[in-house]
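Numbers 366 to 617, taken from this note's numbering, label the letters of the sequence shown in order.
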Amino acid sequence: MSKLRLDKYLADMGVGTRQEVKALIRKGRVAVDGITAKAPELKVDPDEAQVTVDGNSISYVKMEYWMLHKPAGVVSATEDRRDRTVLDLLSDAARKDLFPVGRLDKDTEGLLLITNDGALSHRLLSPKSHVSKVYEAVIDGKVTEEDRQAFAKGLDIGDDKPTLPAELTILETTEKEPGIFESRIRITICEGRFHQIKRMFEKVGKTVIYLKRLSMGSLELDPGLPKGSARLLTQEEKAALGIADAETQKGK
């Protein structure tokens with residue numbers, strides 16, 4: 366990786382804004398390889414330089430890839446004036462330019478990938494990629510074979526085009542009381558339209574009462590990851606997403 370200005374290095378790592386970082390450097394609180402830095406424009410090698418602020422080491426991370434088990438009640442945004450965001454759940458993140466790859470509705474749970482890798486995000490979200498996403502849901506009503514066939518053909522949910530074929534599997538149907546049914550289903554879609562799954566079930570006269578995303582492409586939600594928790598992707602998960610190892614932690 367090419368050298369970076371010292372103030373950019375520190376700002377990227379969330380030490381402060383560029384102006385705040387420059388002030389720290391001018392006050393002699395920043396050192397590079399054990400020598401007090403005096404100029405914000407000093408060029409440093411992110412892979413080799415030992416940078417400290419007030420004696421605390423600040424390692425440079427070029428890209429971060431986090432798996433979040435999103436809970437209900439949290440919005441898929443980088444900031445929000447009213448609600449907690451998914452970024453509020455990543456207290457251990459090094460980068461301050463992270464964003465969620467796609468969106469889950471506020472009341473939807475499950476897998477959410479958070480990164481600062483714009484190219485990966487575009488590849489996963491591009492309509493041309495047709496990346497599959499698997500969800501489990503609880504439906505108010507009895508999901509039928511006719512519904513399954515309708516989903517497989519595609520549904521007109523009021524957009525310019527019908528939905529692409531979706532794979533609907535009926536896992537369980539329960540009669541909560543006489544004539545009142547609830548169904549647990551799994552659905553695989555390869556689009557990401559606004560409220561898509563909810564609108565698809567509304568089209569067949571049913572209501573989604575619980576929705577959870579289990580996977581996105583090759584990335585599957587870790588069953589051991591508690592709701593509201595996040596972890597960095599493993600090397601195997603990154604490789605399956607086509608992320609080169611050299612791009613993952615310290616930039617090379």
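Each residue gets a CB set at the ideal place from its N, CA and C atoms; glycine is no exception.
Report the rounded CA-to-CA distance for residue i versus residue j, giving the unit in angstroms.
i	j	result
V499	T382	39 Å
D419	D372	15 Å
D445	G438	12 Å
K617	V440	Its pLDDT being 37, under 50, K617 is placed unreliably by the model, and nothing is read from it.
I562	A515	13 Å
A609	K603	8 Å
P527	Q600	38 Å
G393	L477	41 Å
D525	G483	27 Å
A517	A531	5 Å
R513	T443	36 Å
L407	R460	21 Å
E567	H434	26 Å
K427	V409	14 Å
G485	V380	Residue identity differs from the one stated: residue 485 is Leu in this sequence, not Gly. Taking the straight line from one Cα to the other gives about 26 Å.
A458	A388	24 Å
G399	R391	16 Å
T539	N421	57 Å
Q384	Y425	19 Å
Do the CB positions of residue i and residue j come within less than 8 Å of each other?
i	j	result
M366	I423	no
D578	L469	Reading the sequence as shown, one finds Arg at residue 578 and not Asp. In this structure, L469 lies closer than 8 Å to R578 by Cβ.
V386	L369	no
V569	I535	no
P436	G589	no
E501	R551	yes
Between the Cα of residue i and those of the options, spot the shortest distance and give me the residue it belongs to.
i	options	result
P591	K461, E474, G393	E474
L529	I535, K507, T538, M565	M565
G523	I554, D512, H560	H560
P411	K403, V397, T401	V397
S548	E556, L533, C555	L533
P465	A595, L520, G519, A604	A595
I554	D457, L520, A484, L478	L520
R447	K471, I479, G483, E567	K471
E429	I390, E511, A484, I479	I479
R488	E556, A459, Q384	E556
D505	L485, E537, T401	E537
How close, in whole Å, do the beta carbons of residue i and residue j come, if the pair is a contact with beta carbons under 8 Å?
i	j	result
N481	L455	Going by Cβ atoms, the distance from N481 to L455 rounds to 11 Å, so no, they are not a contact pair.
M432	L598	6 Å
M581	V503	At roughly 20 Å, the Cβ-Cβ gap does not stay under 8 Å, so M581 and V503 are not in contact.
A402	V395	5 Å
Please report whether the beta-carbon of residue i lies at a distance below 8 Å from any beta-carbon of chain B.
i	result
A609	Among the chains in the structure shown there is no chain B, since it carries only a single protein chain.
Got a sec: does the ligand GDP put a non-hydrogen atom nearer than 7 Å to the Cβ of residue i?
i	result
V395	This structure does not include the ligand GDP; it has no bound ligands of any sort.
**Report entry** Any 3 or more C-beta pairs closer than 8 Å across the stretch 406-420 and the stretch 573-581
**Finding:** no
**Report entry** Stretch-stretch touch, CB-based, cutoff 8 Å, three pairs: the stretch 578-585 with the stretch 531-543
**Finding:** no
Query raised in the report: Should the stretch 486-500 be called in touch with the stretch 447-459, which here means at least 3 C-beta pairs below 8 Å?
Result: no
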